[in-house]
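Keeping their order, the protein sequence lines are chains A and B. With the first letter of the first sequence counted as 1, position 105 gets the number 330 in the working numbering; the numbers rise by one all the way through. With the first letter of the second sequence counted as 1, position 101 gets the number 430 in the working numbering; the numbers rise by one all the way through. We put the beta carbon where it would ideally sit given N, CA and C, even for glycine. Given the structure is predicted, the values throughout are model-derived calculations rather than measurements. A short worksheet on the structure shown next.
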Amino acid sequence: MAAARLEVRYRRLLRCYPADHRAAHCDEMIGVLLAAAEPGRDRPGLRESADLLAGAARIRLRPGRALSDRNGWRDALAVFSLAGPVLVLASSILGWLAGLLWSILGHTGGLTLDLGFANGAYENLESAHPVVATMMWLLLSGQAVVAVLALAGLRRCATAAAAVYVLYFGTYAVIEATYGWVFPAMMVAVPLLLVVAPLTSLAALLASAGPRRGRQLMRLRHWVYLAAGSVGGAALTLRLSVFVSTPIRPSLLALLAAAAAAAVVLLLLTAWLSSAHGKRLAVLFGVLAFPALLQLAEYCGLQGPTAATVYVPGSEALVLCLLAVIIYRTRRRAKSAGGGSGQGVA
Amino acid sequence: MQEPTFLILASLAAGPQHGYGIMTDVAQISEGRVRLRAGTLYAALDRLSTDGLLDADHEEIVDNRLRRYYRLTPEGRTRLADETARLRANAAVAARRLRLAGN
Numbered sequence: 226m227a228a229a230r231l232e233v234r235y236r237r238l239l240r241c242y243p244a245d246h247r248a249a250h251c252d253e254m255i256g257v258l259l260a261a262a263e264p265g266r267d268r269p270g271l272r273e274s275a276d277l278l279a280g281a282a283r284i285r286l287r288p289g290r291a292l293s294d295r296n297g298w299r300d301a302l303a304v305f306s307l308a309g310p311v312l313v314l315a316s317s318i319l320g321w322l323a324g325l326l327w328s329i330l331g332h333t334g335g336l337t338l339d340l341g342f343a344n345g346a347y348e349n350l351e352s353a354h355p356v357v358a359t360m361m362w363l364l365l366s367g368q369a370v371v372a373v374l375a376l377a378g379l380r381r382c383a384t385a386a387a388a389v390y391v392l393y394f395g396t397y398a399v400i401e402a403t404y405g406w407v408f409p410a411m412m413v414a415v416p417l418l419l420v421v422a423p424l425t426s427l428a429a430l431l432a433s434a435g436p437r438r439g440r441q442l443m444r445l446r447h448w449v450y451l452a453a454g455s456v457g458g459a460a461l462t463l464r465l466s467v468f469v470s471t472p473i474r475p476s477l478l479a480l481l482a483a484a485a486a487a488a489v490v491l492l493l494l495t496a497w498l499s500s501a502h503g504k505r506l507a508v509l510f511g512v513l514a515f516p517a518l519l520q521l522a523e524y525c526g527l528q529g530p531t532a533a534t535v536y537v538p539g540s541e542a543l544v545l546c547l548l549a550v551i552i553y554r555t556r557r558r559a560k561s562a563g564g565g566s567g568q569g570v571a
Numbered sequence: 330m331q332e333p334t335f336l337i338l339a340s341l342a343a344g345p346q347h348g349y350g351i352m353t354d355v356a357q358i359s360e361g362r363v364r365l366r367a368g369t370l371y372a373a374l375d376r377l378s379t380d381g382l383l384d385a386d387h388e389e390i391v392d393n394r395l396r397r398y399y400r401l402t403p404e405g406r407t408r409l410a411d412e413t414a415r416l417r418a419n420a421a422v423a424a425r426r427l428r429l430a431g432n
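So this is what it looks like as structure tokens:
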């Protein structure tokens with residue numbers, strides 16, 4: 226009985242290990258732990274528990290860990306290199322169609338001055354600030370070029386297009402946040418949305434075997450999830466504002482946007498978490514929700530020109546660092562694996 | 330190379346061993362100084378297999394428990410030989426200097 230209880234407790238501790246390591250070594254480790262345990266013991270000792278936790282941490286933190294998930298990040302990035310640009314474009318188009326429909330129905334919801342992936346409320350574009358109109362069409366065109374090239378499996382062309390997009394809008398976001406030409410200075414997170422999604426896509430295109438490999442990995446259900454995510458993304462970019470005839474305070478919009486972003490991420494999390502690449506994809510899609518979280522911070526008092534000049538470049542740098550770490554780890558892992566299985570697919 | 334790593338490789342030098350066998354062998358080789366626990370052992374095995382120094386050899390079921398045996402790869406054997414030579418050279422220098430100081 227004591228041995229059975231001890232085994233249950235060991236198994237509980239071994240949950241700290243990565244899933245692939247557990248799948249390969251859990252039973253073997255249980256055997257070793259039980260063989261080493263003193264007779265009659267029914268719970269792991271403190272040192273032993275600490276040793277197991279430290280071992281799990283060492284394995285998790287090691288770059289180049291070569292087990293069954295050797296290509297985990299690489300494959301997740303390959304999926305994202307296709308799914309990311311498609312999600313962004315589909316969200317924008319859905320948002321645009323919803324805005325158009327709203328306009329056809331005779332409503333004048335009013336153009337919100339915040340761009341999502343590319344805000345959908347286009348019905349008043351011509352009467353809006355000319356820079357906004359130009360910017361929106363530039364955004365949409367850029368997103369369409371990257372998504373079409375990714376869907377065609379042209380990795381290098383899609384990477385080049387995404388790089389131009391990121392460079393242009395990355396610079397624009399910093400300038401916009403600093404000088405507030407088009408947007409109120411307090412909406413620091415808005416310009417950030419322009420650049421975070423394509424930046425993540427660019428990282429995925431650079432670090433993985435590319436969209437062709439992503440298409441191989443994606444099953445029908447993943448496309449269904451992507452469609453659901455696009456609807457969520459459209460709701461996010463629309464900010465629900467076209468459905469309300471009276472202007473909404475930007476702070477409330479920010480809160481609604483954050484809630485919508487959270488819903489999208491939650492949807493993707495629950496749908497994908499059980500799959501092999503689920504957790505990693507959840508991280509990548511979670512990056513897209515980052516500006517919305519920043520908006521929530523705005524709502525809680527993070528406002529003003531200083532915040533704009535500090536937080537937008539700072540946040541861009543933060544996202545860039547995160548993506549750089551993912552690229553570095555993926556590259557190193559691929560190197561240690563002698564090129565990786567997915568390398569020749571692109 | 331850290332001592333536990335050296336001892337793990339040394340315990341596999343004579344032939345394939347399973348996890349518990351490595352633990353007891355390491356304690357024996359080090360005359361009880363180094364007592365590996367399972368967490369440390371499997372983190373080391375994971376790292377060493379990542380580095381290509383050892384590999385899984387075969388598996389067997391004993392008392393309804395899985396036993397996986399590990400063996401040194403040729404690269405692991407070379408690394409162990411190099412490390413042994415390095416330690417031997419260092420030990421020889423240290424012994425020589427101690428003798429000189431003693432005289």
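- For a cut-off of 8 angstroms, the C-beta gap from Y349(B) to A260(A) is around 5 angstroms, short enough to register as a contact.
- Under the criterion of beta carbons closer than 8 angstroms, A429(A) and S306(A) qualify as touching, at roughly 4 angstroms.
- Annotated as proximal: A388(A) and L427(A), with beta-carbon spacing under 8 angstroms.
- With a cut-off of 8 angstroms on Cβ pairs, the region 356-367 of chain B is not in contact with the region 389-404 of chain B, counting fewer than three such pairs.
- Sequence-distant partners of G367(A) (beyond 5 residues in either direction) whose C-beta falls short of 8 angstroms from its own C-beta, in its chain, are A386, V389, Y390, Y393, F394 and P423.
- Boundaries of the alpha helix (DSSP H) harbouring E273(A): L271 to L286, taken from the DSSP string.
- The beta carbon of I284(A) falls within 8 angstroms of a beta carbon belonging to chain B, placing the residue at that interface.
- Between G280(A) and A372(B), the gap from beta carbon to beta carbon is short of 8 angstroms.
- What Y349(B) touches in chain A, judged by beta-carbon distance under 8 angstroms, is G256, V257, A260 and A261, going in chain order.
- Around the beta carbon of P264(A), fewer than 16 other beta carbons sit within 10 angstroms, so the residue counts as exposed.
- Remark: C-beta atoms of E232(A) and L395(B) do not approach each other more closely than 8 angstroms.
- Checking the DSSP bridge columns, you'll see Q346(B) partnered with Y399(B).
- Under the DSSP assignment, L383(B) falls outside any alpha helix (DSSP H), being part of the beta strand (DSSP E) whose first and last residues are L383 to V391.
- The alpha-carbon separation between A275(A) and R285(A) amounts to approximately 15 angstroms.
- Along the region 405-419 of chain B, there is no position whose C-beta sits under 7 angstroms from a C-beta of chain A.
- Under the Cβ distance rule, A227(A) does not count among the residues neighbouring chain B, no pair being separated by less than 8 angstroms.
- Runs of the alpha helix (DSSP H) lying entirely within the region 418-447 of chain A and spanning at least 4 residues, in chain order: 436-442.
- For the pair A372(A) and L319(A), the CB atoms are not nearer than the 8 angstroms cut-off.
- Excluding five sequence positions before and after G439(A), the CB atoms of its chain that fall closer than 6 angstroms to its own CB belong to A303, V304, S306 and L307, given in chain order.
- Cβ-Cβ separation between L338(B) and L409(B): approximately 4 angstroms, consistent with a contact (criterion under 8 angstroms).
- Among the residues of chain B, those whose CB is under 9 angstroms from the CB of G280(A) are R366, A367, G368, T369, L370, Y371, A372, A373 and D375, following chain order.
- Taking the beta carbon of L395(B) as reference, the chain A residues within 7 angstroms of it are D252, E253 and G256, listed in sequence order.
- Taking the beta carbon of M352(B) as reference, the chain A residues within 9 angstroms of it are V257, A260 and A261, listed in sequence order.
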